Amino acid sequence: MASTGDYLELRPRKSSVDGGILGCPRPVSPEYVVDWDGPADPKNPQNWASWKRYTYLAILEWLSCTVGMGSMIVMPVMGNVMKELGINITCFPLLDLGFYLLGSALGALFFPPISEAYGRLQAYHCGNISLLTFTIICALSKSPFQFITFRILVGFAGAAPLTVVGGTVADLYRLRERSRAATGLAIGPLLGAIFGLLIGRALASSSNWRWALWSISIASGIGTLATLAAMRETHPKILLERKADILRKRSCSTHIRSAHDRSLGHWQSLSPAFTRPIRIVVFSPAVSMISAYIGIVLGLLHLLIVTISWVFEMQYGFGPDLSLLLGRSLDFGVILGNFFAALLTDCILRRHMASASVTQPKSEYHLTLMKWAAPVIPVGLVVYSWTAQYKVNPVVPTIGLFIVGFSCFLVWVPSQAYLIDLYGSEGAASVMGASVFVRSLFAAFLPLAGFHLYVRLNYGWGNTMMGLVVLVFTSVPWILSRYGKRMPVAQL
C-alpha cells in the first residue's frame, strides 16, 4: 500500500490517452489503496492522545448512563402516572420497562448500520437528538397511548450509545487495550438504572411525575451538546474514505480507493449493513448464545432492582427508606464486580498470552472469567430468596444480593469484550446491535415472568426457578470455549 506522498506527482502534466487530465497531476500507477501512513499515523484514532480517548469514553459513559436512567426513573413515580392517565393494570410498571426494552431491541437493528455506513458520529447525533425529542414529547403525554408509544420510541433512540459504543471502543483501542475500555463502559446502563431509581424515589413525593422525564431530558441535552462539541468521527472506513476522496480531487484520478472500499454503490453497501445485525443473530450461534445468556442475567438484575424494596417491605415490615437502603447491597456488588472484572480480565489475558507465547489476545480468553463466575449467580440468588422467604436476619439476604450483583458483572464485562473482539472494528457495532437485540428481548419479558412467579410461588420458589434458568445457561461460556472456533460466523 502506498503512503500519501506516493500518490501524486507534484508538477502538472499534459493530457494523455491513459486518462490524465490537463492541468492535473497524474497517478504514477493505475490504482492506489489508501491506508494509514504506518502504524504510528497520528490520524489513526488508535494513536490519539490518551486524554482525548478518555474524553470520548467519558461522554459515552454519560450517554449510556442516561439511557439506563431513562429505563428506571419512572418506576417509583408510576403510581402517579397511572392515576393521572387512568391506567388500572397492576403490573404496569413492569410492562413499562418491557416496552422500553422492546424499543431498545428495535433500535439495536437500526443504529449499527447507520454507524457503519455513515460513521459513528452520525449515529450518535441521530440517537441523541431523537432521545431528547421523544423524552420531551413523552413528558407531555396526555393519554396512556401517547405515554406507551413514546416510551417505546425513547427506548428505540437509547439503543444508539448501547450498540455503537462497541464500534467506538474497537476504533479507539487495540486488542490488548479494549478490555479496560469495555469494562468502564459496561457499567454505564446499570449504574444509570440505579441512579434513576434513586432520583425517581426522591421525586415520588411530588404529584408531578413529569419531572422524572424532564430530568432525563436535561441529562440527554447535556450529552447531546457534549457529543456535538467534543466528539469527532472514529470509524477507520469513514476516515480513510475521506482521505481517499481528498487525494482523488487533488489528482483528478478515479484510480484511488480506500483500503476499506469494497467497490460497491451507495445502496449496495447500505442494504447489507441494515441486515447485518439480523444475519449475525441467525448465522453466528456464538453471538446468539452469549447474548441470550446476558439477556437472562440483565433481566434478573432488572427484576431484583424493581422488587427489592417491595420484598423487604412485605417480609420484614420495613419502611420505604430502610428497604431502599438495604437494596443498595446489590448496587455495591455491581460496582465492586465491575472493578474486579477489570483487574481479573487483565491478569487472565496476560496469563493466557504468556502461556501461548502470543502478543495479541484471542477473543476466547475473555470466556475464562465468565466460566468461573457464572455458577455463583444462582448461589447468591438462592441465599437471597430463601432467607427473605423465612425472614432470616435481613443482613443475610443483603449478602445474597451482593453476591448476585458482584458475580453478574464478572460475567457481563468479559462478554462485552468477547463480542467486540469477535468481529473487530469493522463489525463491532453490528455485533453489539445483534447482542442488544437478543438480550433486550429476554430482559423485556423476564421481569414480567418473574413477577408472576412471585405471585404464584412466592419469593423462595420463584427465585429458585429463576436460578435454575440461570444455572442452565452457565454452560454457555464452557461450550463456546470448547467449540466456539468451530461454530459458523456470519460474513460481514
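What the sequence shown shows, in my numbering, is residues 1 to 492, in sequence order.
We put the beta carbon where it would ideally sit given N, CA and C, even for glycine.
Quick caveat: nothing in here was measured; it's all calculated off a predicted structure.
query = Hey, how far is the Cα of residue 90 from the Cα of residue 399?
reply = CA-CA distance, residue 90 to residue 399, rounds to 30 Å.
key: residue 40 classed as buried or exposed, judged by whether at least 16 other C-beta atoms fall within 10 angstroms   = Residue 40 comes out exposed.
key: Simplified DSSP state of residue 286, which is helix, strand or coil   = In this structure, residue 286 counts as helix in the three-state DSSP scheme.
inquiry  = So, with DSSP's three-state summary, where would you put residue 476?
reply    = Residue 476 falls in the helix class under three-state DSSP.
Where residue 435 sits in the DSSP three-state scheme = Judged by DSSP in its simplified three-state form, residue 435 adopts helix.
query = What is the rounded straight-line gap between the Cα of residue 12 and the Cα of residue 172?
reply = Only weak support exists for where residue 12 lies, its pLDDT of 35 falling under 50; the coordinates are left without a value.
key: Cβ-Cβ separation, residue 290 to residue 415 (assumed contact under 8 Å), whole Å   = In this structure, residue 415 and residue 290 form a Cβ contact; the two beta carbons are roughly 6 Å apart against a cut-off of 8 Å.
task = Take every Cβ of the stretch 191 to 199, pair it with every Cβ of the stretch 417 to 426, and state whether three or more of those distances are shorter than 8 Å.
result = The stretch 191 to 199, when compared against the stretch 417 to 426, does not touch it at the 8 Å Cβ threshold.
message = In this structure, how does DSSP classify residue 257 when only helix, strand and coil are distinguished?
response = The three-state secondary structure of residue 257, taken from DSSP, is strand.
query = Are three or more beta carbon pairs between the stretch 436 to 450 and the stretch 246 to 256 nearer than 8 Å?
reply = Not touching, per the Cβ criterion.
inquiry  = In this structure, how does DSSP classify residue 489 when only helix, strand and coil are distinguished?
reply    = Collapsing the DSSP output to three states places residue 489 in coil.
query = Sorted by chain position, which residues of the same chain lie with C-beta nearer than 6 Å to residue 150's C-beta, five sequence neighbours on each side aside?
reply = Within its own chain, the residues whose Cβ lies closer than 6 Å to the Cβ of residue 150, once the five positions on either side in sequence are excluded, are 134, 137 and 138, listed in chain order.
ask   = Pick from 167, 106 and 168: whose alpha carbon is nearest that of residue 157?
value = For the residues 167, 106 and 168, the minimum Cα distance to residue 157 belongs to 106.
inquiry  = Rounded to the nearest angstrom, what separates residue 479 and residue 383 at their Cα positions?
reply    = C-alpha separation (whole angstroms): 27 Å.
ask   = Looking at residue 301 and residue 404, is the spacing between their C-beta atoms short of 9 Å?
value = Yes, the pair counts as a contact, with Cβ atoms nearer than the cut-off.
query = In whole angstroms, what is the alpha-carbon distance linking residue 331 and residue 402?
reply = Rounded to the nearest angstrom, the two C-alpha atoms are 7 Å apart.
request  = Take the Cβ of residue 321 as the centre, count every other Cβ of all protein chains shown within 10 Å, and call the residue buried at 16 or more, exposed below.
outcome  = With fewer than 16 other beta carbons inside 10 angstroms of its own, residue 321 counts as exposed.
task = Could you please give me the residues that DSSP links to residue 32 through a beta bridge?
result = In the DSSP assignment, residue 32 forms a beta bridge with 256.
task = Confirm, please, whether the CB-CB distance from residue 56 to residue 230 is below 9 Å.
result = In this structure, residue 56 lies closer than 9 Å to residue 230 by Cβ.
Close beta carbons around residue 315, own chain, < 8 Å, minus the five adjacent residues each side = Same-chain partners within the cutoff: 388, 389, 391 and 459.
key: Spatial neighbours of residue 468 in its chain, beta-carbon cut-off 8 Å, leaving aside the 5 residues before and after   = When the five nearest sequence neighbours on each side are left out, the beta carbons in the same chain lying within less than 8 Å of the beta carbon of residue 468 are those of 378, in order along the chain.
ask   = Considering only C-alpha positions, which residue in the set 283, 228 and 144 is nearest to residue 60?
value = Nearest C-alpha to residue 60: 228.
First and last residue of the uninterrupted alpha helix (DSSP H) at residue 322 = Bounds of the alpha helix (DSSP H) holding residue 322 are 320 to 356.
ask   = Ordered along the chain, which non-local residues of its own chain (more than five positions away) have a Cβ less than 8 Å from that of residue 226?
value = The residues are 59 and 62.
inquiry  = Would residue 358 and residue 406 qualify as a contact pair, given that the criterion is a beta-carbon distance under 9 Å?
reply    = For the 9 Å CB-CB criterion, residue 358 and residue 406 do not form a contact.
inquiry  = Let's test the definition: count the other Cβ atoms within 10 Å of the Cβ of residue 53 and tell me whether it reaches 16, buried, or not, exposed.
reply    = Answer is buried; the Cβ neighbour count reaches 16.
Segment contact, 8 Å Cβ cut-off, at least three pairs: the stretch 172 to 182 with the stretch 119 to 126 = At 8 Å Cβ cutoff, the stretches do not touch.
query = How close, in whole Å, do the beta carbons of residue 463 and residue 413 come, if the pair is a contact with beta carbons under 8 Å?
reply = Residue 413 and residue 463 do not touch by the CB rule: their CB atoms are close to 24 Å apart, not below 8 Å.
Enclosing alpha helix (DSSP H) for residue 79 [first to last residue] = Note, residue 79: alpha helix (DSSP H), 78 to 85.
inquiry  = On the CB-based measure, 16 or more other CB atoms within 10 Å of its CB, does residue 205 come out buried or exposed?
reply    = Taking a 10 Å sphere around the C-beta of residue 205, we find fewer than 16 other C-beta atoms and assign the residue as exposed.
ask   = Going straight from the alpha carbon of residue 111 to that of residue 367, what length do you get?
value = So the alpha carbons of these two residues sit roughly 27 Å apart.
query = Would you call residue 476 buried or exposed, if buried means 16 or more other Cβ atoms sit within 10 Å of its Cβ?
reply = Buried is the call here.
message = Residues in the same chain with beta-carbon distance under 6 Å from residue 115, minus the five sequence neighbours each way, listed in chain order, please.
response = Non-local C-beta neighbours of residue 115 in its own chain, meaning closer than 6 Å and more than five positions away in sequence, comprise 123, 164, 167 and 429, ordered along the chain.
Residues near residue 501 by beta carbon distance below 6 Å, same chain, minus five either side = The chain is shown from 1 up to 492; residue 501 falls before or after that span and cannot be answered.
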